[in-house]
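One rule links them: number in this note's numbering = place in the sequence shown (from 1) + 2.
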Amino acid sequence: MTKPFDIDLAIKLINDAVRPFPKAAMFELAEEGFKSPFEQLVACMISIRTYDEVSLPTARKLFARARTPAEVSQLTFAEIDSLISTSTFHERKAGQIHEIACLIMDKYDGNLPCEREILLSFPGVGPKCANLVLGIACGQPSISVDIHVHRVTNRWGYVKTSTPEKTMAALEAKLPHEHWIDINRLLVPFGKHICTGERPHCSTCPVLDMCQQVGVNIRQT
Ligand code: SF4
């Protein structure tokens, strides 16, 4: 019988447990100074279906050349494509990034507003990236759910959902606002290094005594 899940305690314990591991990519870039809404949006697009180990240097390479909507809109499609060529689906993303930079120049005077509807209106931008931008660059409490947040919160038994989209809705209804930005910051490294997709490290996990281990083959942990 597990203890009732205490989300405040879990966040605190996981915060300590992930300290030795690399930060989630968008948070790492923000710490390096790439924390404008446009930089965060572009970096998130680069990171889609791409490992952090690849998307981080790719984003840095693009930003070394151009990091504002004005600068990126001046690049050609081929230049952007070449700069982000290590990212998965780079051709499609290059076109979308160029189009977004031009739209921001035309419609918003070169400054990307911190508005969810505007972010979601751009090509290639879904709730995960929109919420990361709002949370990290704009400081607006927003829950970004990737595959790690989805898997871990379901294993805890904290939510019971079948898709990341449904997890986002369930967390918005349940998770205290003060954890909305941190849940992504913490569960990305936690999901990569402790509550891993295969063979999670349950025996040394700091939240074992309150985790329901839903769907986990306990004999393998
Ligand atoms: S106890 Fe296991 S399943 Fe639960 S959070 Fe920890 S590693 Fe994941």
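Just so it is clear, CB atoms sit at the ideal spot from N, CA and C, and this is done for glycine as well.
- Val74 and Ala80 do not touch by the CB rule: their CB atoms are close to 13 angstroms apart, not below 8 angstroms.
- Burial of Ile138 is indicated by the presence of at least 16 other C-beta atoms within 10 angstroms of its C-beta.
- The closest heavy atom of ligand 1 lies 7 angstroms or more from the beta carbon of Cys104.
- Residue burial annotation: Asn219 is exposed, with fewer than 16 other C-beta atoms found within 10 angstroms of its C-beta.
- Listed in chain order, the non-local C-beta contacts of Asn133 below 7 angstroms within the same chain comprise Ser144, Ile145 and Ser146, local neighbours out to five positions each way being set aside.
- Non-local beta-carbon contacts of Cys116 in its own chain, meaning distances under 8 angstroms to residues more than five positions away in sequence, involve Pro39, Val135, Leu136, Ala139, Cys140 and Gln142 in chain order.
- The beta carbon of Lys95 is closer than 8 angstroms to those of Met47, Ile48, Ile50, Ile86, Ser89 and Gly126 in its chain, skipping five residues each way along the sequence.
- In this model, Val190 and Val151 are separated by some 7 angstroms (Cα to Cα).
- The Cβ atoms of Phe23 and His181 do not sit closer than 8 angstroms to each other.
- Residue range Asp184 to His195 is occupied by the alpha helix (DSSP H) that includes Pro191.
- For Glu200, the closest of Met212, Gly217, Lys168 and Asp18 by C-alpha to C-alpha distance is Gly217.
- Within the segment 13-38, no run of beta strand (DSSP E) at least 3 residues long lies entirely inside it.
- Looking at Gln215, Arg187, Ser57 and Ser205, the one whose alpha-carbon comes closest to that of Val20 is Arg187.
- Contact check for Ala45 and Pro71: beta-carbon distance about 14 angstroms, past the 8 angstroms limit, so the pair fails to qualify.
- Between Leu58 and Ala27, the gap from beta carbon to beta carbon is short of 8 angstroms.
- The C-alpha of Gln214 lies about 49 angstroms from the C-alpha of Lys109.
- About 13 angstroms separates the CB atoms of Ala12 and Val161; that is not less than 8 angstroms, and the two are not in contact.
- With a beta-carbon spacing of about 15 angstroms, Phe91 and Ala61 fall beyond the 8 angstroms limit used to define contacts.
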